[in-house]
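Just below is one structure, and these are the notes that go with it.
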Amino acid sequence: MTAMTITSVPGVEVGHWTDLTAMTGCTVVVFPEPNVAAVEIRGAAPGTRETALLEPGMRVETIQAILLTGGSAFGLAAADGVIAELEAAGRGHHTPVGPVPIVPTAVIFDLFLGDPTVRPGPAQGAAAFRSASGDPVEMGSIGAGTGASVAGWRGVDAITKGGLGSACTAVDDALVGALTVVNAVGDVFTLEGAPLTGGPLIPGPPAMLPDPATNTTLVVIATNARFGRNDLLRVAVRAQDALAVCLRPGHTRYDGDAAFVVSCGDVESSADLVGEAAFVATGRAIEAALQAAATPGSG
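As numbered in my numbering, residues 55 to 353 make up the sequence shown, in order.
In structure tokens, the structure reads:
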């Protein structure tokens with residue numbers, strides 16, 4: 055049986071660009087239109103672009119894609135490539151001079167695992183976009199999860215490999231999919247409390263660790279249930295609650311933890327029920343990320 059991932063939500067596509075030598079990458083989640091998007095950021099060290107547009111009361115509600123990327127603040131440039139591809143396809147917010155693509159972006163700090171001088175840029179963002187498909191999401195050391203690590207708060211010797219994971223669950227007639235990039239300062243657990251250990255670092259332990267550790271876990275939730283932005287923010291809260299359960303410590307001053315939620319369907323459902331489904335899907339995606347990262351050849 056094919057595993058359900060965020061691409062099980064109709065119209066949602068995911069693409070990756072990966073550099074296993076430099077240990078970095080980026081991942082694009084592309085959405086059908088119309089849609090409504092929201093974000094909640096709880097980490098105190100976020101690296102983002104276009105997230106202010108997702109706050110309540112803002113004029114533009116529909117986005118074309120979300121980019122998750124390595125490279126810390128440098129990686130934000132990869133969004134330029136995604137925007138160029140969308141513009142070429144005629145997609146974006148309508149203006150008198152043509153479409154302006156809206157691509158909210160968030161980064162992780164992955165510079166100390168591989169070559170810190172190699173970061174995703176416009177060409178890499180464009181490549182990730184061109185690879186997007188509705189196939190089940192590849193997981194582990196791939197895309198934005200390539201240079202992810204966990205448990206850095208315990209010191210260099212305790213670090214294991216994080217990664218990218220995805221899961222999807224159903225509630226009534228609605229589907230709720232989650233994609234996570236697990237790059238946590240803290241230790242990782244299942245929703246039930248069982249500890250999770252990632253894989254060995256590639257190529258090996260970093261020569262030095264930022265003091266304090268600098269990490270971020272990112273979440274994208276997609277659902278075919280129809281909601282406005284205020285309801286989506288409540289769903290985002292439950293996704294962030296899953297991070298608090300699965301990552302210990304989580305939401306630290308050294309993390310940039312962010313949860314994006316996108317409603318891209320017309321199924322009638324309850325925001326409370328979808329929020330609980332998002333809680334479960336986020337936890338399962340975190341678990342899938344660590345399991346895949348610990349599996350040789352994953353990604």
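Here a beta-carbon is modelled for each residue, glycine too, at the ideal position from N, C-alpha and C. Quick caveat, the model's predicted, so the values are computed rather than measured.
The region 332-350 in contact with the region 246-253 per 3-pair CB rule at 8 Å: Touching, per the Cβ criterion.
Of the residues 273, 310, 315 and 301, the one placed nearest residue 284, counting alpha carbons only: It is 315.
Between the C-alpha atoms of residue 213 and residue 143, what's the straight-line distance to the nearest angstrom? Straight through space, the alpha carbons of residue 143 and residue 213 are spaced by roughly 42 Å.
Alpha carbon to alpha carbon, how far is residue 156 from residue 311? Straight-line Cα distance between these residues: approximately 21 Å.
Could you spell out where the beta strand (DSSP E) holding residue 334 opens and where it closes? First-last for residue 334: 325-347, but that is the alpha helix (DSSP H), not the beta strand (DSSP E).
Which residues in the same chain have their Cβ closer than 7 Å to the Cβ of residue 352, if we skip the five residues on either side of it in sequence? With a pLDDT of 49 at residue 352, under the threshold of 50, the modelled position of this residue cannot be trusted, and the question is left open.
On the three-state DSSP scale, how would you describe residue 183? Note: residue 183 maps to helix in three-state DSSP.
Which residues bound the beta strand (DSSP E) around residue 137? Counting along the chain, residue 137 falls outside any beta strand (DSSP E), though it belongs to the alpha helix (DSSP H) covering 132-142.
Any beta strand (DSSP E) of 3 or more consecutive residues that is wholly inside the region 140-221: Those beta strand (DSSP E) runs which fall completely within the region 140-221 and span 3+ residues are 159-161.
Roughly how many whole angstroms lie between the Cα atoms of residue 292 and residue 330? Straight through space, the alpha carbons of residue 330 and residue 292 are spaced by roughly 7 Å.
Tell me whether residue 78 sits in a helix, a strand or coil according to DSSP, three-state version. Residue state, collapsed to three classes: strand.
Close beta carbons around residue 223, own chain, < 6 Å, minus the five adjacent residues each side: 230, 331, 334 and 335.
Cβ neighbours of residue 274 in the same chain (closer than 6 Å, five flanking residues each side left out): A distance below 6 Å between beta-carbons, with the five flanking residues on each side excluded, links residue 274 to the following residues of its chain, in chain order: 83, 120, 233 and 314.
For residue 233, name the three-state secondary structure that DSSP assigns. In the three-state reduction of the DSSP assignment, residue 233 falls in the strand class, which pools E and B.
Could you round the C-beta distance between residue 279 and residue 323 to whole angstroms and report it? I think they count as a contact, below 8 Å. The pair is a contact, with the Cβ atoms about 4 Å apart (cut-off 8 Å).
Taking the C-alpha atoms as reference points, what is the distance between residue 240 and residue 74? The alpha-carbon of residue 240 is positioned some 24 Å away from that of residue 74.
Which residue's Cα is closest to the Cα of residue 97: 338, 326, 177 and 308? The candidate whose alpha carbon is nearest that of residue 97 is 308.
Is DSSP giving residue 310 helix, strand or coil here? Under the three-state reduction of DSSP output, residue 310 falls in the coil class, being neither helix nor strand.
If I'm right that residue 162 touches residue 297 with Cβ under 8 Å, what's the distance once you round it to whole angstroms? Rounded, the Cβ-Cβ distance is 14 Å, inconsistent with contact.
Expressed to the nearest angstrom, what Euclidean distance is found between the alpha-carbon atoms of residue 71 and residue 87? Residue 71 and residue 87: Cα-Cα distance of roughly 24 Å.
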